[in-house]
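Chains as they are written, first to last, in the working numbering: chain W, 1 to 215; chain X, 216 to 675; chain E, 676 to 1636. Just so you know, even glycine gets a beta-carbon here, dropped at the ideal spot from N, CA and C. Beneath this line is the structure, given in structure tokens, with notes to follow.
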Amino acid sequence: MNAIFPKSADRVFRFAVAGLVVTAGAAAGLYAYFSHPKVLDTGYTPVQPVAYSHKLHAGNLGMDCRYCHFTVEKSAFAAIPPTEVCMNCHVRVKPQSPQLQRVRDSYARGEPIPWVKVHRLPDYVYFNHQAHVSAGVSCVSCHGRVDQMIEVKQVEPLSMAWCLDCHRNPAPKLRPVELVTKLDWQPDRDPADIGREIMRTKQIHPPLTCSGCHR
Amino acid sequence: MADLAIRPQDIDAELNPPLVTGGLTYASITEKISAITESKTPRAWYIAIGVTGALTAVLGLMIAYLVFTGIGVWGNNSPVGWAWDITNFVFWIGIGHAGTLISAILFLFRQRWRTSINRAAEAMTLFAVACAGIFPLIHVGRPWRAYWLFPIPNTDLNMWQNFRSPLLWDVFAVSTYATVSALFWYVGLIPDLATLRDRARNKIRQWIFGILSLGWRGSAHHWKHYEMAYLILAGLSTPLVLSVHTIVSFDFAVSVIPGWHTTIFPPYFVAGAIFSGFAMVITLMVIARQTLHLEDLITMKHLENMCKVILATGSIVGYAYAVEFFTAFFSGNPYERFTFINRAVGPYAWAVWTMFTCNVFAPQLFWFKKIRTSIPAMFAISIVVNIGMWFERFVIIVTSLHRDYLPASWGYFRPTAIDVLTFAGSIGLFLTLFLLFARFLPIIAVSEVKSVLHAQESGH
Amino acid sequence: MRTGKTYWRSLDELARTPEFEQWLHREFPENASEWTGKASRRNLLKLMAASFGLAGLVACRRPVERILPAAKGVEEYVPGNPMYYATAFSLGAAAYGLHVEAHDGRPTKIEGNPQHPASRGAAGSFAQASILGLYDPDRAKWVRKDGRRSSWEEFEKFAAGRFAGQGAGLRFLSGEIGSPSLEAVKKHALQRFPQARWVEFEPVSQDEPMAGAQLAFGQPVRAHYHFEKADVILALDCDFLGLDAPTLSYTREFARRRKIGTPQDRMNRLYVAEANYSLTGAAADHRLRLRASEVAALLAELAAELKVFGETLRVLPAASGARRKWLAAVARDLAAHKGRCLVLAGPRQPAVVHAWVHLINQLLGNAGATVTYTAATWTPQTQALKELASEMAAGQVSTLVILGGNPVYNAPADLDFASHIKKVECVIRHGLEEDETAALAHWTLPEAHYLETWGDARAWDGTCSIQQPLVAPIYEGRSAAEVVALLSGYPHRRAYDIVRNFWSALSEPQWRKALHDGVTPTPPSAELKVTADARRIQGLPLPPPATGVEINFQPDAGVWDGRFANNGWLQEAPDPMTKLTWDNAALLSPATARSLGVNTGDMISIQREGRELKIPAMILPGHADNSITLPLGYGRTRCGRVGRGVGHNVYPLRTSGAMSIAAGGKVSKAPGRYKFSLTQDHHSMEGRPIVREATLEEYRKHPHFAHEPHQELFSLYPEHSYDKGNQWGMVVDLNACIGCNACLLACQAENNIPIVGKKEVARGREMHWIRLDRYFSGPEEDPEVVYQPMACQQCENAPCENVCPVAATAHSPEGLNEMAYNRCIGTRYCANNCPYKVRRFNFLEWHKDIDQLQRMQFNPDVTVRMRGVMEKCNYCVQRIQEAKIKAKAEGRRPIRDGEILTACQQTCPAEAIVFGNINDPNSKVSQLRKQDRNYAVLAELNVKPRTTYLAKVRNPNPELV
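Below is the structure:
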């Protein structure tokens, strides 16, 4: 009988099938990669209403994080400081600087400065700064070297898996409480040893159960 | 003298009537079956698919409404968290059993009579499983998260499924079953697709069937591999026939709810599934037989055999019901006892007695050859059994849930219009798929029937 | 059932009515038309706004979120940390001290003030729910002149002209004033306007008790009962555990006498005679079904039994056999406990009854012991209102200032207030709502919610509290004192100045302390020594039993007199006895129903003095025969969207002559059926050992009666060991629990539990995390009642956890059965497999269509669940976590027993709920678990619940069993 397809049809068909499988696999892989918090969320660097440089203040001037984020040890939230705090210095320091106009206005009018939130967790996640800081988790573990950032950007995925990594093995991330805001701190020995010691003395058992973070 | 002699083949004919009648030959069988797909589409078909297609559209609308509004559009409540949704799921999965049973198990048991019905039965299985598959996905409160049911690696959550949950076992059982039966069906189709290709008069049909038949040329070489593949698949699907409904029954058996928590469920569910499956096959085949004039291929012997299977499985189901009541009484467990008393006389007694009548009493009529061999009778009974089996699932799910341990939490379930339309829609989808199948693919396995014909003649 | 009682299933079934038979065999009824609730679900979703919350479990990627820190820091305020303030909530004349939790400046949760004598750390359902009123979107917001929006300035201009003269034709109408500072302003106003008069009126008033005191002692006094000292209590139509103030402290004291640790302990004995089945009746050891109008006769018979007047008493027709026997036993019991017993009558009873009660208490030596008196000033309110109405009718009232209340809706029907008010030239209305009364006022002034303005309040015992605001008025509201001050030119105008000035005696430190503690140093009212005049009382004519069908009006457990009608929480909180939500009903006994040929849901028509009322009937087992109870407060016509048109208004039948008990009612079946929404429609325990109960005697014979022998089961899975660290557990004392809804509402407020509306309740979709299961036992006509709070039992072998395919509910090492909402996909398998059926599913998006204002009530520590996810009690895990973090911050100390209180436990007036660490042998909860009354419900399933119950023990009189 007369052939409908050329001899090559078989090969074409096989290639087609193979190709289909490959493209499907590739598509899935690409989606998985680009939808991953590591790719999706890290590096987020919004433009802030006031060009405030953490590098200048926390880095060069060596201000302690807690000078502005003063509730970090007593509250779940590390408060964004009221304009008042800025003005504490800036009434004297660069009182005329045009970059600070917005700050001065805010203070004068009593209107808040609309800072843009950088590190964002879903509503159903209850992260508590007080708990972490008092345990000896440094700011740097989640926020990175803010003291080197001119504009703050998200450096960690803040995904559940990422949280769990540390909750399962906190030792490497622990340090003496008084050092939590020393972003450039370099331990003289294996940080894990220090961490294990702290875990022993303070009996630190990070929750691995749902309600640890979801309530 | 010679005229007194009784020829053995006469006895043979008496004992097992031929599976193909009307003096059909190889050629005419091919002609007959293929013609169905090649002839001009009859008006009746358009009307039929118009109706079923509309129903399918309704299903789509209902699902959309559900997803955008919430489970609340159904009648489900507390304590009746599952109602028509899971009832429909189990119902369709049950239907989906006959196909593989006929194809696989009867094949392994060398039951020749399966040949004329296995193709349609397998198709029906696929379509039923497709309908069944919808419900577990839409019955969840957040369908857009339903993919969490599948163990997809997720490095952002590090969350895995709970492998202790029977619902998860379902996911695997059902998806495996769907895959294997689809494969089985398609492999069976290949030689016939090739036939259609070769008979095709226009290029499009040639191309389509050409591709679908994967270059089948019917060489001895091909047949050798084909037979082997078919045998392996039959072997694979045989345990599945038993496993799928066993695992579905675990959804209930593994729980602590009186009326669910019972060890009899696996065999009981499997029997019930085969029961309902065969009923659906009869329903469909009778229609096909009449409308497509396949009397010579789907003979009374086929139908009668199926009626016998229904009679057998129906009796098993009846027995299971009885045992359930007995164990409830014998267990001495007050909760169990109450559940079954409540079934018999409680608010849902009407459903329970519908179930008994349809599933236990109706099939018993098949003891009579007259009824077994009467087309209208078997058609009616098959419908009744389908209804009864839907109610069986409804009874198991809803009557057990609505009154369990603490009377203060008891409630009553009432379906909403959405419940009804969703189920109707799923029937529509099922029939639509079957109509498409009956129109465009060989509804009877030509190559296999030929083998039977061959056997018949060699009998001479 | 241990006690060998016969339990029946539902009334219908017991009564084997054809209707029930038909119900048994009914086909699927057409559903859409099933519930003829006034509002459709979609409406309700909107209407319920007043208690909806932050939606959104799913977060889309990077919506730009702004953080707006205050420009200037606020002292002592740490963003994210809640702050607590003491303040006071008043209902009529009874005030309760509160602690209110505020998150970032918005009040979110109300607790009782432990230092306040009337609340003792507990808060009743009204106080708990009152926070919704603050965020009620339908509140009176602006000043209105003839319905058009105006301003305070406009009003002040107007008032300056209007309130110039001597106050001729000027009348003030207010609710009962419990605020000392307001009283001072009132006094000033009456001095400023000599010809003016001031009327105080509460629909639920103390008129009768005060009149009774007048009869007995020649002066009005307020009685204070000391249940802690009372061994035998006879409550005559008095619901001191439910609606007859001050219930919280009474409940606390009563419950303490019901808690027994060992069989040797003694407990009090409560006799109740009442018409309606009240919470007090449910707690009784002996309950006598009695028409309210026959209480007087009963009392006289009791007096005879007690030989109060010697033999010379003109004895009434002697009581029938059973009643006689009952009385004789009660009398002997009382006589045997002279000075340690107590007889009380409810405020609905006529003055004479109260007089007799005072006398009997005196003769039993209870006066000064179990009951004390304090002085009270009183003008009969109904009478005063009547006079005001006639003045209005006569056109003698030119200016009527209505402060609070809602007379047009709830004044006695015969006063025809609504039409007379039209004759008043100028009506000024100051209130929280734009209600029926506001509609007929020329000026309507918005009232400030008690959480947004300064004030003070006097408790039942005279203790005073400063009412401290937590927020500035959200709208233009002002306090009543401010309004009167404005009208009368009071030297101080702002609420704070008025209050501070009134309390000027307090030094600044004292004032600060008073604010902090929530109670002022002023001592409670001094005890008053009074003696009842036996002769005079004997001479008093006894009111005869009501002819025809007796009608009892009483405040509703949900909406009180109607003032809480727009409160979604209270509307949806099931009535403690009937489990009815979103409605009131004419309650009647099965026998009465039979004689009328009506069944639950049938409409009946009640005629009295030419007035007619159509209302659906509801059969309440244990209700007195030939008597009907009508709860007040429903059928509001002008009210917020939540309460408008809900239920039936019974005020049209209530006249000044019969404010509580009305005689001569004619009742007949009316055409039509009505659909109720009940949260529990099955009333029997099916002989199952769910609530385990015994009499004190049985308990002494078999201390372990609560322990069901059952076969041990074994889990397929390896058992967890829970012997390390904190292991949370809860014990509920069924002896103490009285079945009030305080815990349910506290839970709703704490855990952001949505309201679903009447139609959805009817479908069985209410969301309350804690149920108060109520079971009847015994004969249909006169059953006993038991309550069982039922929330998640935190099973150690939780059936729900095994079956969840996505592991959304899992067990914590501390024994909590946790629910991760954000993981839940909503298969509902867990709920199906829960033997206690305590899991709640979000069938629809209950949190639709809500604005910022309403969101402000929500507890930020608890995720607001979206549609399609399961939720349930989790022992207030947010409180547990907060406490643990606090403990760690404070040097990693262990958590102290009682440091964590669950919301239900904290607010329970009966202290029936105890939560704590069962791993600590000294914790209160471990101690209770050791008691022999301790048992686990459905223990035979080997689910190992962490919540256990202390079996109920009643203390019946041996003579009567």
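When DSSP states are grouped into helix, strand and coil, X:Y362 belongs to the helix group.
Rounded to whole angstroms, the separation of the alpha carbons of E:C1509 and X:S470 is 9 Å. Pairing X:T267 with X:R654 gives a Cβ-Cβ distance that is not under 8 Å. Sixteen is the threshold: when 16 or more other Cβ atoms of the shown chains lie within 10 Å of the Cβ of X:K665, as they do, the residue is buried. According to DSSP, E:T1370 shares a beta bridge with E:R1629.
Its chain contains no residue whose beta carbon lies nearer than 7 Å to that of W:E178 once the 5 sequence neighbours on both sides are disregarded. In the DSSP assignment, E:N1592 is bridged to E:W1403.
Against chain X, the CB of W:L121 has no partner CB under 8 Å away; the residue lies outside that interface.
Pairing E:E1368 with E:P1631, the inter-Cα distance amounts to about 12 Å. For E:I1336, the beta-bridge partners assigned by DSSP are E:N1227. Residues of chain E whose Cβ lies closer than 9 Å to the Cβ of X:W307 do not exist; the shortest such Cβ separation is about 18 Å. Spatial neighbours of E:R1153 in its own chain (CB-CB distance under 6 Å, excluding positions within 5 residues in sequence) are listed in chain order as A1123.
The C-beta of W:M160 has 16 or more other C-beta atoms within 10 Å across all chains shown, which makes the residue buried. Shortest Cα-Cα distance from E:V1005 to any of E:E969, E:H961, E:R1015 and E:V1028 involves E:H961. Secondary structure of X:S318 (DSSP, three-state): helix.
With the rule of 3 Cβ pairs closer than 8 Å, the region 841 to 855 of chain E counts as touching the region 765 to 774 of chain E. With a threshold of 8 Å between beta carbons, X:M374 makes contact with chain E.
For the C-beta of W:R215, the chain E residues within less than 7 Å are, from N- to C-terminus, D1536, V1537, T1538, V1552, Q1553 and Q1556. Of the residues E:T1119, E:E1111, E:A1051 and E:M758, the one whose Cα lies closest to the Cα of E:K820 is E:T1119. 8 Å or more divides the Cβ of E:R1449 from the Cβ of X:S293. The region 416 to 432 of chain X makes no contact with the region 359 to 371 of chain X: fewer than 3 CB pairs, one atom from each, lie closer than 8 Å. For a cut-off of 8 Å, the C-beta gap from E:E883 to E:Q1024 is around 6 Å, short enough to register as a contact. X:M515 sits away from X:V496, with the two beta carbons spaced by 8 Å or more. Taking the Cα of E:R795 as reference, the smallest distance to any Cα among E:F801, E:A802 and E:G787 is reached at E:G787. Using a CB distance cut-off of 8 Å, W:F34 does not count as an interface residue toward chain X. X:N373 and W:T209 have their C-alpha atoms spaced approximately 13 Å apart. Contact between W:Q48 and W:V116 holds, since their C-beta atoms are separated by about 6 Å, short of 8 Å. The three-state secondary structure of E:S1302, taken from DSSP, is strand.
With fewer than three CB-CB distances shorter than 8 Å, the region 838 to 851 of chain E does not count as touching the region 1614 to 1623 of chain E.
Using a Cβ-Cβ cut-off of 8 Å, E:Q1355 counts as an interface residue toward chain X, since at least one Cβ of chain X sits closer than that to its own. In the three-state DSSP reduction, E:E1111 falls in the helix class (H, G or I). Uninterrupted beta strand (DSSP E) stretches at least 3 residues long and entirely within the region 1070 to 1113 of chain E occur at 1074 to 1078 and 1101 to 1106, given in chain order. Here the alpha carbons of X:S390 and X:Q326 stand approximately 28 Å from one another. If you check each beta-carbon in the region 1487 to 1507 of chain E against every beta-carbon of chain W, the ones closer than 7 Å belong to S1487, P1488, L1491, E1493, A1495, Y1496 and N1497.
Closer than 8 Å to the CB of W:K55 there is not a single CB belonging to chain E.
Here DSSP, grouped into helix, strand and coil, assigns X:Q579 to helix.
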